[in-house]
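J.: One structure, pasted below without further comment.
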Amino acid sequence: MRFAGKTGVVLGGNSGIGLAAARAFQAEGARVAITGRNEATLA
């Protein structure tokens, strides 16, 4: 858990590289906040 206790902010997290980055941070133990253009696809 490299990022345990850390918070990451990912811009453009709806899809593609942004979504992959958000998932990678989460897998490493970080809390993740994401933003994107389409609120419906932010999950």
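Here the numbering used here is used: the first residue of the sequence shown is 581, the next is one more, and so on. Cβ coordinates follow ideal geometry from the N, Cα and C atoms, glycine included.
Starting from the Cα of threonine 582, find the closest Cα among Ala604, Ala613, Ile614 and Leu622 and give me that residue.
T.: Here residue 582 refers to the residue found at position 2 when the sequence shown is read from its first residue. At residue 582 the sequence reads arginine, which differs from the threonine that was named. A check of alpha carbon separations from arginine 582 across Ala604, Ala613, Ile614 and Leu622 identifies Ala604 as the nearest.
J.: When burial is assigned at 16 or more other CB atoms within 10 Å of the CB, is alanine 602 buried or exposed?
T.: As a first step, residue 602 must be located in the sequence shown, where it is residue number 22. Looking at its Cβ environment, which holds 16 or more other Cβ atoms inside 10 Å, alanine 602 is buried.
J.: In chain order, what are the residue ranges of uninterrupted alpha helix (DSSP H) at least 4 long that sit wholly in the stretch 589-620?
T.: Within the stretch 589-620, the complete alpha helix (DSSP H) runs of at least 4 residues are 596-607.
J.: Please report the distance separating the alpha-carbon of alanine 610 from that of asparagine 618.
T.: Taking the first residue of the sequence shown as position 1, residue 610 is located at position 30. Taking the first residue of the sequence shown as position 1, residue 618 is located at position 38. If you take the alpha carbons of alanine 610 and asparagine 618, they lie about 23 Å apart.
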